[in-house]
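Below is one structure, written out as structure tokens, with a few remarks after it.
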């Protein structure tokens with residue numbers, strides 16, 4: 049809820065919308081380029097004379113590198129690297145990857161340049177944006193995530209024709225160099241990704257109602273604090289005066305009892321202040337104005353943690369950073385499986401539809417039109433899904449169920465899509481429904497795990513989903529190689545969508561059961 053957020057951060061207002069615009073532009077250029085991989089795929093097949101399976105391995109290695117790197121980036125918590133710098137680094141790595149690919153002499157070379165460099169670049173620039181949008185949006189998180197994720201569809205509209213023209217004019221090698229330059233232009237949009245620490249480090253702490261916190265104000269004004277009779281240090285001095293004026297016949301035991309009581313009162317007051325005001329008194333010098341901010345305390349704590357971890361293995365360090373309780377959350381694990389199944393069609397369609405169109409005799413210019421129409425439909429579908437998810441009369445889970453049913457049905461009739469017009473109808477229906485699950489997974493995940501565990505959940509999510517997709521893409525390509533047709537591959541894509549629908553029904557049942565149990569506990 050917005051009331052639980054730091055009031056200094058402009059949630060659902062102000063610069064939050066600029067962050068959304070910058071994220072949309074980055075998604076349009078970078079993920080839109082990745083959505084155009086079908087165009088690159090055809091050129092790689094022509095240039096290096098490889099099989100569909102071997103060429104698809106480029107995407108598989110990309111997924112593995114992306115998942116491992118993204119999980120590592122998210123688990124570090126951006127302690128040494130801000131979100132904006134991380135995106136800068138990711139864009140630079142991706143641009144270098146495309147530039148180096150222009151010197152490739154075989155598919156093995158592309159496994160290094162396309163898969164490793166571009167995979168690492170995507171891991172540094174895309175997952176952090178999910179976290180930043182989660183920090184800036186609360187009530188509007190559905191539409192904000194939908195706009196960000198629809199950028200890859202919008203990029204898919206304008207990028208495939210652009211890259212088709214570039215490859216026709218300059219060839220594969222010249223086109224890859226131009227692609228590198230296009231990617232570099234998204235650095236301008238990355239400058240808009242202002243981290244939330246910009247507000248928390250430069251302004252005093254505010255309460256949830258937008259007023260300056262009383263304890264923060266007290267910290268800023270030590271003179272007023274020293275005049276406060278309730279201050280713990282003045283209370284101790286007052287107690288000392290009273291003890292000095294006490295009867296001389298008072299025993300040493302009673303003096304020790306007074307001192308002990310005052311020390312307990314001091315400790316309780318310090319604890320109360322540190323928990324409410326966001327500052328920690330420095331116990332070394334014992335003065336009230338010697339305080340550490342929460343951010344400074346976290347940095348010191350991280351330094352101590354680093355020292356404590358010296359000599360520990362890599363596995364132990366990763367285990368300490370991952371919220372292992374998520375692996376015991378049945379709803380979260382079921383959500384991961386639902387997304388893995390429901391995302392297969394979206395992940396593979398933009399790669400294999402262009403190749404399928406080439407197999408049935410569609411010329412290159414029309415293939416670019418098919419890819420663009422698919423991305424237009426995907427863009428519209430994601431925006432609609434984000435808008436509907438913010439409404440009260442329908443839930444995100446219901447939207448995903450309806451969309452996955454349509455995807456599963458339309459993929460079972462690919463044997464009839466044998467002409468350009470029929471392919472246009474096919475990609476329009478598929479594109480407008482397949483991407484809805486992608487647009488809705490961030491708000492669904494936040495509802496399941498909560499905002500505090502969202503970064504850790506995102507790390508596990510990316511690692512799990514990307515490895516699954518990296519396995520699915522070459523397997524579907526292998527079936528095409530042995531059958532010389534994509535029909536079986538498309539049937540399997542549709543089957544995974546039906547599996548996602550079945551798992552979503554189970555998810556509904558468990559969710560309602562948990563809701564009833566919580567209501568019963570409250571009534572009891």
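In the working numbering, the protein residues as written are 49 to 572. Using N, Cα and C, we set each Cβ at its ideal position, and we do this for glycine too. Small disclaimer: the values here were computed from a predicted structure and weren't measured.
Residue nearest to residue i in terms of C-alpha spacing, selected from the options
i, options, result
"residue 401", "478, 200 and 117", "478"
"residue 107", "165, 480, 442 and 119", "165"
"residue 82", "488, 399, 506 and 500", "399"
"residue 219", "122, 59 and 150", "150"
"residue 406", "466, 443, 458 and 421", "466"
"residue 469", "501, 489 and 415", "415"
"residue 131", "95, 115, 70 and 159", "70"
"residue 65", "147, 122, 191 and 96", "191"
"residue 517", "113, 231, 142 and 68", "113"
"residue 551", "387, 102, 171 and 533", "387"
"residue 238", "68, 205 and 152", "68"
"residue 89", "427, 480, 538 and 522", "522"
"residue 435", "461, 195 and 76", "195"
"residue 538", "152, 480, 403 and 427", "403"
"residue 383", "498, 492, 427 and 502", "492"
Bounding residues of the alpha helix (DSSP H) (the contiguous stretch that carries residue i)
i, result
"residue 196", "189-232"
"residue 495", "484-497"
"residue 411", "Looking at the DSSP string, residue 411 is not in any alpha helix (DSSP H), and its letter there is neither H nor E."
"residue 512", "502-531"
"residue 55", "Taken as a continuous stretch (DSSP letters only), residue 55 belongs to no alpha helix (DSSP H), as it is neither H nor E."
"residue 242", "It is not in any alpha helix (DSSP H) - residue 242 carries neither H nor E in the DSSP assignment."
"residue 565", "535-571"
"residue 464", "Here residue 464 belongs to no alpha helix (DSSP H), and DSSP marks it neither H nor E."
"residue 384", "378-390"
"residue 446", "444-458"
"residue 186", "Taken as a continuous stretch (DSSP letters only), residue 186 belongs to no alpha helix (DSSP H), as it is neither H nor E."
"residue 162", "No alpha helix (DSSP H) holds residue 162; DSSP gives it neither H nor E."
"residue 99", "Element bounds for residue 99: n/a, residue is neither H nor E."
"residue 74", "63-74"
Nearest-angstrom Cα separation, counted from residue j out to residue i
i, j, result
"residue 565", "residue 445", "20 Å"
"residue 229", "residue 154", "23 Å"
"residue 241", "residue 73", "11 Å"
"residue 556", "residue 133", "40 Å"
"residue 430", "residue 397", "16 Å"
"residue 562", "residue 432", "29 Å"
"residue 520", "residue 111", "11 Å"
"residue 255", "residue 59", "Low local confidence applies: a pLDDT of 45 at residue 255 is under 50, so the model's placement there is unreliable, with the coordinate-based value given in what follows. Roughly 14 Å between the two C-alpha positions."
"residue 62", "residue 198", "21 Å"
"residue 185", "residue 244", "12 Å"
"residue 513", "residue 524", "16 Å"
"residue 99", "residue 495", "43 Å"
"residue 208", "residue 187", "34 Å"
"residue 148", "residue 554", "47 Å"
"residue 215", "residue 135", "28 Å"
"residue 536", "residue 527", "7 Å"
"residue 543", "residue 456", "6 Å"
"residue 57", "residue 232", "29 Å"
"residue 139", "residue 80", "13 Å"
"residue 485", "residue 504", "20 Å"
"residue 263", "residue 201", "Bear in mind that the predicted position of residue 263 carries a pLDDT of just 43, short of 50, making it too unreliable to give a figure here."
"residue 568", "residue 183", "33 Å"
"residue 235", "residue 171", "16 Å"
"residue 375", "residue 159", "32 Å"
"residue 343", "residue 141", "Bear in mind that the predicted position of residue 343 carries a pLDDT of just 39, short of 50, making it unreliable; the figure below should be weighed with that in mind. Straight-line Cα distance between these residues: approximately 30 Å."
"residue 438", "residue 221", "45 Å"
"residue 91", "residue 462", "24 Å"
"residue 96", "residue 412", "18 Å"
"residue 323", "residue 443", "With a pLDDT of 41 at residue 323, under the threshold of 50, the modelled position of this residue cannot be trusted, and the question is left open."
"residue 532", "residue 157", "26 Å"
"residue 480", "residue 248", "40 Å"
"residue 529", "residue 105", "13 Å"
"residue 590", "residue 109", "As shown, the chain starts at 49 and ends at 572. That puts residue 590 outside it, with no answer to give."
"residue 313", "residue 378", "Any reading at residue 313 must be qualified, since the residue scores a pLDDT of 49, below 50, and its modelled position is unreliable; no value is offered."
Residues near residue i in its chain [Cβ-Cβ closer than 6 Å; skip 5 each side]
i, result
"residue 579", "As shown, the chain starts at 49 and ends at 572. That puts residue 579 outside it, with no answer to give."
"residue 211", "84 and 87"
"residue 454", "481"
Cβ neighbours of residue i in the same chain (closer than 8 Å, five flanking residues each side left out)
i, result
"residue 410", "418, 468 and 471"
"residue 385", "551"
"residue 102", "155"
"residue 638", "Limits of the chain in this structure are 49 at one end and 572 at the other, which puts residue 638 out of reach."
Own chain, CB closer than 7 Å to residue i, minus 5 neighbours either side, in chain order
i, result
"residue 145", "161, 162, 165, 166 and 169"
"residue 175", "118, 121, 122, 506 and 510"
"residue 178", "490 and 506"
"residue 476", "421 and 425"
"residue 193", "181, 434, 487, 490 and 491"
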